[in-house]
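What follows is one structure encoded as structure tokens, with my remarks underneath.
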Amino acid sequence: REPAATLAWVDRVSSRFKFERVIPAHLNNNVKANPKEFRAAFDPLRSTPAKPVSQRALADDLALLQKASDLLTDLGVVGPSLVCDGEPARRKGRFASL
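All letters in the sequence shown, in the order written, are residues 29 to 126 by the working numbering.
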């Protein structure tokens, strides 16, 4: 939701700590990754429609998360998203009718 703040955090973590593994709070755990690989995992946040990053997630893959984000924004739980707005998944794809 906040790419600049997230990337600042990524830079702090990857510059302060030398690590070989990342254990996320969800999904798979014990991911083999060093600081450079950890930083690269967040490259999609640096992507823009005018300057896409090759790792950028497919619009259809983001569709459900975008719809959830829209709902939470409409309810006033969170502010407007600073990423993914204007993506094709908002108009087409599996979850476009939600």
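Glycine included, C-beta positions come from ideal geometry on N, C-alpha and C.
C-beta atoms of residue i and residue j nearer than 9 Å
i    : j   : result
L100 : P31 : no
S109 : Q94 : yes
K60  : R49 : yes
G104 : R29 : no
Reduced DSSP category for residue i - H, G, I as helix; E, B as strand; rest coil
i   : result
K60 : strand
V41 : helix
R49 : strand
A91 : helix
Member of the options whose CA lies at the smallest distance from the CA of residue i
i   : options               : result
A33 : R44, N57 and F70      : F70
W37 : P52, R67, L92 and A78 : R67
F45 : L92, N62 and S97      : N62
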